[in-house]
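Report on one structure; see the data block that follows.
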Amino acid sequence: MFDQFQGNSCLPKSFLSYFVTLIPKVNSPFSISDFRPISLLGCLYKLITKVLAKRLAKVIDSVIAPNQSTFIKGRNLVDGVLVVNEMVELAKKSKRECLIFKVDFEKAYNLVDWGFLEYMLQRCGFCEKWIGWIRVCVFAENLSVRVNGSTTSGINIQRGLKQGDPLAPFLFLLVVEDFSGVMRKAVELNAFKGFSIERDSMVISHLQYADDTLCIGEASIENLWTLKAILRGFEMASGVKVNFWKSGLSGVNVHPTFLETACNFLNCRRGTISFKYLGLPIGANSKSLTTWGPLVQHLRKRLFSWRNKHISLGGRIVLINVVLNAIPIFYLSFMKMPVIVWKWCGFKGSSYGGNKVSWVKWAVVCKAKSKGGLGVRDARIVNLSLLTKRRWRLLLPGRALWKDVLVAKYGSLILTNLDWSGFRIPTMASKWWKDIFSLDKVVESKNWALFLWEEDLVERLKDLLVTVTLRKEDDGWKWVPDPEGVFSVKSIYLHLVEELRSGESLDDGRAMIFDQIWESPAPSKVIAFSWQLLHDRIPTRSNLDVRGILLTDWECVGCVGSAESSIHLFLHCPSSMMVWYEIFRCLGLVIVIPSSLFSLFEVMRASARNVNVRKGYLMIWHATLWSLWKARNGSIFANRSFVPKEIVEELKL
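Residue 578 in full-length UniProt numbering sits at position 578 of the sequence shown; the count goes up by one each step and never skips.
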C-alpha cells in the first residue's frame, strides 16, 4: 500500500472516504453553527498522512516566516504573546501610537481553496511528487455526515481541510503564509507601516498562531486602507473568510475619535488595552489581582465543587494535585505569580478556604514523598521554573523573532551572559522583563549560579582544567544539575526545591521510611493517615491542647491517668501494646515494642524474609495504626469500648 502510494500517488477510494459527526457546542443547539464538525478518518489513511506530516515537519521551518509560532519545533504559544506584550509596553512608555487588529478567520480550515493550496505548495518549492501526494490525500475527498446515528449519502467536497488530519495543520500554515508574505511586501513598499521596536531597526507588522492573527502598525488612514485591501485579497484568493464583525481593533495612545472611525471603517468591534491573545492578557500588570482573577476563580470553582463532600486526607491529596495541575502552564510560563496568589493556591487550596487547623506546613506538603512530603507541586516554584526556561532559551543558539525583539530592546549581551548582576533595567523595560531580570533574587545565595565556571572561578579553575577534554565541536551551554547537561523544567524545579528548602531535610533513615510507606497496597486514606502520624500531626488530645483547643478530657481512652499523645496512643498504651503483641504472635514474630513508630517500622521490615512478605508486613503496620485510630474515635464519639481483642479481630477480617 505504501509502495503504491509513494510510486503512483494513488490510494483506494475507500481510504479517502470519511465521516463527519456534529458535536454540540452549547447545551441547546438551534442552528448548524451551534455544532462542531469532527472528522472521523480511517486509521490506514491517518498512517499515511502521519508519515507525510513527520517528513513535512522537518522542513516546514524553512518555508514559514518567524512571525508564525505554532506547529513548528522550537516555537511555542508564549513566543508571540511575549512579542506583542513587549510592543504594547514599549508603546505605552514611549507615548507612541500603535494600532492592533485582532483578526477572526471564520471556520478557517473548512474554507481553504484547494487550488490556492496547490499554488502555495508550488511557491514554497515543493516538487511535483509531493504535490501529487497532497492531491491524493486532500483533493480527492468524499464525506458522509452522521446525524442521530444515521449516515447521509456521500458528498463530494471542493474545498477545506479535515479536522484531525495530521497533515491539516501544516497545510494551513502554508495557506496563511501567503498573508504573511503580502504583509511583509507591504511593509517593504512602505504601503503599511508596522511598529518599530528600536529606532526603526526592527519592524513588526503581524503575528500569527495558526489562524489567530494580530496586525500591528501605526495609527494612520493609509494603514487601514492597506490592511483592509490585504485581508479582502487574501479572502478572495485563499477562500479563508475574515469575520470583521468578530474581529477587534485596539489602540495604544490612539485618540478615541480616530479609533472609533477606524472601527467603523473596518466594520469591527472596538477593543481595549489590555486584551487577551491566545488566552493570555496583553498589557496587563502581572502583580495586579485583577489579572489573575479569572485563574483564581477557575481554581476556586474546581476546588469548592468538592467542599461539602466528606473526603479523606488521601482524597484531598488527589484533589489538591488535580486543582494545582489545572493551572494553565502557559499562564505560569508568561507571568510571575504574585505572593498573595500562590499563597491562596497553597494555603486556601489545602483547607478548602475555611478556617481549619493547618496540621502540616505547606512547605512540607510540597516536598517529595522520599523526603517526608506528599509530592504536591508548589505553584510558586513551578512558576519560577517555567520562567527560568525562557531565560535558558535565550542562551541557546539559533534565531527567533522573540529573541530579536528582546535584543532590539535590551541589547545583545543578554544572549551571551547568564549573570546579569551588572546590567541595569532599561527605562522602557516591560513588567515581564523585570520579572525575568529579578529571578536571581529568588534564593539568597547561589540560586542561579548553576554553572561550573561561575562558582569560585579562581579557586576551582585548576580542578576544572584537569577534567577538561578538548573537542572539535562548538562550545555550548550545559545544564549542570542534569547528568546529561540537558535543561528541563523538571530539573530546575527539583533544584529550586532543594535550594529553597535547604535546612529542612530529614535524616536518611526517616526519609527512607517516608518513601517506603507509599509502597503499600493499602488504601490511600490509610497511607495518608500513617504519613500524618509519623509527622505527629494528628488531632490527639495532646496536639489539640498545644494548638489552644480546650478539651474537657485529656486522658487516653485505652488506659487511666496518661495523656493522649501520639506515641502513647499507638505504642505505649497498655491496650495498644496488647494489640501489637497479638499481631506479632499471629505473624510468628518476637518483637519488643520499641520507642517510636519509625523503629517499629524498621523492625517489622527487617523481619521480613522476602519482598512479598515485606509488603504484607507493611500492610499490617498501616492497618493496625488505622484500626487503633478508628477504635479511639469510636470510643470518644460513639461511646464504644476500646477493647484490644475486638481491634485484633477486626484486623483479621
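Backbone N, C-alpha and C fix where the C-beta goes; we use that ideal spot for every residue, glycine too. The structure displayed is predicted, hence computed values, not measured ones.
Reducing DSSP to helix, strand and coil, say where Gly7 ends up.
Of the three classes helix, strand and coil, the one that applies to Gly7 here is helix, per DSSP.
Give the straight-line distance between the Cα atoms of Ser542 and Trp344, rounded to the nearest whole angstrom.
Ser542 and Trp344: Cα-Cα distance of roughly 29 Å.
Three or more C-beta pairs closer than 8 Å, one from the stretch 24-38 and one from the stretch 114-128: is that the case here?
No, they do not touch.
Looking at Gly283 and Val88, is the spacing between their C-beta atoms short of 7 Å?
Yes, these two residues count as a Cβ contact at 7 Å.
Looking at the structure shown, is Asn383 part of a helix, part of a strand, or coil, going by DSSP?
It is helical.
Within this structure, are the beta carbons of Phe19 and Ser180 separated by less than 7 Å?
Not a contact, by the Cβ cut-off of 7 Å.
Take the Cβ of Arg390 as the centre, count every other Cβ of all protein chains shown within 10 Å, and call the residue buried at 16 or more, exposed below.
Looking at its Cβ environment, which holds 16 or more other Cβ atoms inside 10 Å, Arg390 is buried.
Just list the residues that DSSP pairs Ser205 with in beta bridges.
Bridge partners of Ser205: none, in fact.
Given a cut-off of 7 Å, decide if Gly239 and Val112 are closer than it, judged by their beta-carbon atoms.
In this structure, Gly239 lies closer than 7 Å to Val112 by Cβ.
Buried or exposed for Arg316, going by 16 or more other Cβ atoms inside 10 Å?
Its Cβ being crowded by 16 or more others within 10 Å, Arg316 is buried.
According to the neighbour-count rule (16 or more other Cβ atoms, all chains shown, within 10 Å of its Cβ), is Gln208 buried or exposed?
Under this definition Gln208 is a buried residue.
Just to confirm before moving on: does the CB-CB distance between Ser39 and Gln158 stay below 7 Å?
Taking 7 Å as the Cβ cut-off, Ser39 and Gln158 do not qualify as a contacting pair.
For Asp104, which of Leu313, Asn243, Lys93 has the nearest alpha-carbon?
Comparing Cα positions, the closest option is Asn243.
Can you tell me whether Asn383 is buried or exposed? The criterion is at least 16 other CB atoms within 10 Å of its CB, across all chains shown.
Answer is buried; the Cβ neighbour count reaches 16.
So the alpha helix (DSSP H) Asp545 belongs to, where does it begin and stop?
Per DSSP, Asp545 belongs to the alpha helix (DSSP H) from 541-546.
If you run the structure through DSSP and keep just helix, strand and coil, what is Val175?
DSSP places Val175 in helix when its eight states are reduced to three.
I need the DSSP call for Asn321, collapsed to helix, strand or coil.
Reduced to three states, the DSSP call for Asn321 is helix.
If we count the other Cβ atoms within 10 Å of its Cβ and call it buried at 16 or more, is Glu649 buried or exposed?
That one is exposed.
Express the C-alpha separation of Lys241 and Gly149 in angstroms, rounding to a whole number.
Rounded to the nearest angstrom, the two C-alpha atoms are 31 Å apart.
Report, in whole angstroms, the separation of the C-beta atoms of Leu214 and Lys102, which I expect to be a contact under 8 Å.
Going by Cβ atoms, the distance from Leu214 to Lys102 rounds to 6 Å, so yes, they are a contact pair.
How long is the line joining the alpha carbons of Val339 and Asn267, rounded to whole angstroms?
Rounded to the nearest angstrom, the two C-alpha atoms are 42 Å apart.
In whole angstroms, what is the alpha-carbon distance linking Leu174 and Val203?
Their backbone Cα atoms lie some 23 Å apart in a straight line.
Can at least three beta-carbon pairs, one atom from the stretch 601-613 and one from the stretch 567-583, be found at a separation below 8 Å?
Because the criterion of three Cβ pairs below 8 Å is not met, the stretch 601-613 and the stretch 567-583 do not touch.
For Asp212, does the three-state DSSP call read helix, strand or coil?
It is a strand residue.
Taking DSSP as the reference, what is the three-state secondary structure of Asp113?
Strand, per DSSP.
With a 10 Å radius around its C-beta and 16 neighbouring C-beta atoms as the bar for buried, classify Lys13 as buried or exposed.
Exposed, because fewer than 16 other Cβ atoms sit within 10 Å of the Cβ of Lys13.
For the stretch 248-258 and the stretch 82-97, state whether three or more C-beta atom pairs, one from each stretch, are separated by less than 8 Å.
Because the criterion of three Cβ pairs below 8 Å is met, the stretch 248-258 and the stretch 82-97 touch.
Which first and last residues belong to the alpha helix (DSSP H) in which Ile636 is found?
Note, Ile636: alpha helix (DSSP H), 611-637.
Between which two residues does the beta strand (DSSP E) carrying Phe35 extend?
First-last of the beta strand (DSSP E) with Phe35: 35-40.
First and last residue of the alpha helix (DSSP H) that includes Val145?
Not the alpha helix (DSSP H): Val145 falls in the beta strand (DSSP E), residues 142-147.
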